Amino acid sequence: MLVSTIDELERFTIVEAASGFEALRLLPREHVDLIITDINMPDINGLELISYVRNNPNYQSIPLFIVSTESGDKDLEKGLALGANEYLVKPFDPLKLQQLICKYLDA
Amino acid sequence: MSVEENIGKAVKDFLAEAEEILDQLSLDLVALSDCADGGECSPDLVNSVFRAAHSLKGLAGMFGFTEIAELGHHLENLLDALRLGRVDLDQSVVSSLFESTELLGILVRNAGEQGAEAVDLSGAMQRINECLAREPKAAKDSPLSRLNLPERVLNSMTEYEEHRLLENVKRGRRIYSIRVSLLLATFDSELMELTEQLKQVGEVISTLPSASGGMDAGIDFEILFGSELGSSELTPLIDREHLSIVRFGEEAAAAAPVEEEFHAPLAVEGAVSAKSMSRTVRVDIGKLDILMNIVGELVLSHSMISEVASRMRRNGLVAPGQELAKAAKGLEKKLSELQKGVMEIRMIPVGQLFEKMSRIVRKISREQGKKVELKLYGADTELDKLIIEDISDPVMHIVRNAIDHGIESPEDRSAGGKDEKGTITLSSFQKGNHVVIQVDDDGCGIDVARVRQKALQLGRIASLDEVTDREALDFIFLPGFSTSDTVSEISGRGVGMDVVRTNIASLSGMIDLENFPGQGTRFTITLPITLAIIKALIITTAGRTYALPITSVLESIIVERKEIRTVERKEVIQLREATLPLLRLSDFFQLSGDAAPPESCYVVVVGVAEKRLGLVVDDLLGQQDIVIKSIGETFAGFKGISGAADLGDQRTILVLDVGSVISEATRGSA
């Protein structure tokens, strides 16, 4: 769902990681301009991913969005504290996501 | 297919899936209800229930079943709160969960029918909201502060992980930080391995990655881990390079863990609950059988090619013959790899069987008021899945018997100078092409005198000293033979040791029994690793060729004619300490053989279950992989034949059914 939403913005290439581990492995290989992560993932959680990205000099300036459900508001707060740029609560409006992406990548 | 039909099919699929989810949900809720009384619940179970409700809600929303989606959403909220520790698990929560699940079931069934009655959901949803409104009993202020966890770890923990950490602390588990440095290229498999090891002895609470200090190609992980083990026990379990363990809140050592009467086999239970994360595919075993058959056919084609190659060389086509032989050799190598690969897919660790046994031991020992410790060895030994399934009942029966008849009551044990707690040991190991499963107990052993008495009563023997101890023990494998005067609930289920023996024999396995009066018994079950492709010993007798499954062959020996004695009109030889009855295969199949018996002959010693027999044959042609094919109904009545096999040179031979040959041969002698 998320991927197809962004797909409409044809200018971007999307690399999808099925898990946190996969994301960690993709980061050095792909040149990533923006990260969108869920909070709940099977191996490491989204907060841990943010912590990794923000504390790694190679990636610390990449814009990062977090996505969670409404019951995860505490987690979202923590995510913002760790340095996430934006958050989205599921179910979210695809238009909102598109706008946010453009805000960070067209500048 | 029209659009409407497509939608109709999609809805049908949804309803089928919804029913499946609800079935699983109900099962999980029963388990959840059981642990609501105990107060302790596996986080995996709560998560599984939560995920079920979540997917049901999602699916229903997608297909426009708003009522299902709405109730599902309420259910999910309650489960989420439960998962995060915002609500305590008690019976009122459980009954609310049951109520909603039941209503969901009705809604799903109604969705499949036209004009079903409306269902009132408001009551159920209100009760869920009431549960949600209650504050948890436990004080919110956390003992976490005493642990002095580093901020980087605390800051990146989700609410769920914090709750799990709290639970671990509450249960008096020790909290560790395990730091490990890995290479970016290979970290996931190594970390997965470490996590699996950890899960067997505790709970992995969180995993925080960080850039490796200095190394560009490296990555560090800090794993927060809760366990009952002390540092000195934990360290050797996970010892490896670039790994360090720190225990948090050393001084805040919580209440000593309660010593459990029965030690749960942590290793096995952990392995089972860890399966959800693994990258696995479920495959119908029937498909693997087909693959295995194809491999078998390929093996035969290969034999044919080799045969052609050697014929070419014999007939003067040396160069092309050699080339073909070389190609065939390469093919053989790949084939055996393919065969091994397919075989490995079918293999599962014996631990899955052991885990079942540990539950049974726990249950029965409690029912019987006996103290039993179960020790497991070699749980990672692998066996064909079908064999594991078929062996589970026999092993269970032996284990039940061991507790029921073997292990004495705690009082009797201490009176006899034994440890109050009895021990049952399940061990498994590979031995050549076989896997051995041993069940040992340190109970009172089998009372051979009573077995003799019973045999006399049943008319099996005419006098008490007619049979040796060893032979007397064989009687317990006879149908309807029980020395127990009072049939307890456990042993009175209509399965006896005779069924155990039959089941094992049908797997081409063997069972042996050793008895140590006053000290216990040992059952040794020897099983072939797989049944799909078998190695066979090809033999000839009276000019005919037969295949003997190598799994039933114990050894083959050359016997001089003078070594053969005749006892009660039957031929026997002395083989080490035992007397081995002989059977001339040519007599068995009533084939006319050579008139004058040779000075020496081959004897193939075969065994099924605890029975041994020496088959007298003319020649041994060697071993070969064969695929057994059924010979159909027409020949089903023939004793001693289990099927036919193709030898690869266009010759079809019969495969001996060693079990039925033995029982035919020994009939009347028992």
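Order-wise, the sequence lines are chains A and B. Each number in this note's numbering corresponds to the 1-based position in the first sequence with 976 added. Each number in this note's numbering corresponds to the 1-based position in the second sequence with 11 added. By construction, the Cβ of each residue, glycine as well, lies at the ideal position given by its N, Cα and C atoms. Keep in mind that this is a model prediction, so the values were computed, not measured.
- For residue 61 (chain B), the uninterrupted alpha helix (DSSP H) run begins and ends at 54-73, by DSSP.
- C-alpha of residue 666 (chain B) to C-alpha of residue 658 (chain B): approximately 11 angstroms in a straight line.
- Taken in chain order, the complete alpha helix (DSSP H) segments of 4 or more residues contained in the segment 185-241 of chain B are 198-210.
- Residue pairing by DSSP places residue 567 (chain B) opposite B:615 in a beta bridge.
- Looking at the backbone, the Cα of residue 458 (chain B) and that of residue 473 (chain B) are separated by about 19 angstroms.
- In this structure, DSSP gives residue 445 (chain B) an extended state, which the three-state scheme calls strand.
- Residue 1064 (chain A) is bridged by DSSP to A:1043.
- In the DSSP assignment, the residues bridged to residue 360 (chain B) are B:393.
- In the DSSP assignment, residue 998 (chain A) falls within the unbroken alpha helix (DSSP H) covering 996-1005.
- DSSP places residue 116 (chain B) in the uninterrupted alpha helix (DSSP H) bounded by 102-122.
- Residue-level contact by beta carbon fails for residue 988 (chain A) and chain B, as no gap is shorter than 7 angstroms.
- Rounded to the nearest angstrom, the Cβ distance from residue 219 (chain B) to residue 207 (chain B) is 19 angstroms, too far for a contact under 8 angstroms.
- Taking 7 angstroms as the cut-off, the Cβ atoms of residue 584 (chain B) and residue 570 (chain B) count as close.
- Excluding the 5 residues flanking it on each side, residue 993 (chain A) has same chain C-beta neighbours closer than 6 angstroms at 999 and 1002, in chain order.
- The three-state secondary structure of residue 452 (chain B), taken from DSSP, is strand.
- Residue burial annotation: residue 399 (chain B) is buried, with at least 16 other C-beta atoms found within 10 angstroms of its C-beta.
- Counting only the Cα atoms, residue 370 (chain B) lies some 11 angstroms from residue 377 (chain B).
- Residue contact with chain A for residue 221 (chain B): present (Cβ-Cβ distance below 7 angstroms to some residue of chain A).
- Taking all protein chains in view, the Cβ of residue 344 (chain B) is surrounded by fewer than 16 other Cβ atoms within 10 Å, so the residue is classified as exposed.
- Within a 10 Å sphere around the beta-carbon of residue 404 (chain B) sit fewer than 16 other beta-carbons, which makes this residue exposed.
- Taking CB atoms only, residue 199 (chain B) has a neighbour in chain A less than 7 angstroms away.
- Around the Cβ of residue 609 (chain B), a 10 Å sphere holds fewer than 16 other Cβ atoms; the residue is exposed.
- Using a Cβ-Cβ distance cut-off of 8 angstroms, the segment 421-435 of chain B and the segment 473-482 of chain B are not in contact, since fewer than three pairs of beta carbons, one from each stretch, lie closer than that value.
- Between residue 256 (chain B) and residue 187 (chain B), the C-beta gap is smaller than 7 angstroms, which places the two residues in contact.
- The beta carbons of residue 93 (chain B) and residue 100 (chain B) sit closer together than 7 angstroms.
- When only Cα atoms are considered, residue 487 (chain B) and residue 375 (chain B) end up about 22 angstroms apart.
- B:562 is the residue among B:562, B:555 and B:525 whose C-alpha sits nearest the C-alpha of residue 518 (chain B).
- Rounded to whole angstroms, the separation of the alpha carbons of residue 590 (chain B) and residue 596 (chain B) is 19 angstroms.
- Look at residue 1031 (chain A) here: in three-state DSSP terms it is coil, with no helix or strand label.
- According to the DSSP secondary-structure assignment, residue 521 (chain B) is paired through a beta bridge with B:537.
- Judged by DSSP secondary structure, residue 77 (chain B) falls outside any beta strand (DSSP E) and instead within the alpha helix (DSSP H) spanning 77-94.
- By the C-beta criterion, the segment 134-148 of chain B is judged not to be in contact with the segment 173-183 of chain B, since fewer than 3 inter-stretch pairs fall below 8 angstroms.
- For residue 473 (chain B), the secondary structure class from DSSP, reduced to helix, strand or coil, is coil.
- Under DSSP, residue 633 (chain B) takes part in a beta bridge, and its partners are B:549.
- Nearest in C-alpha terms to residue 30 (chain B), of all of B:119, B:68 and B:331, is B:119.
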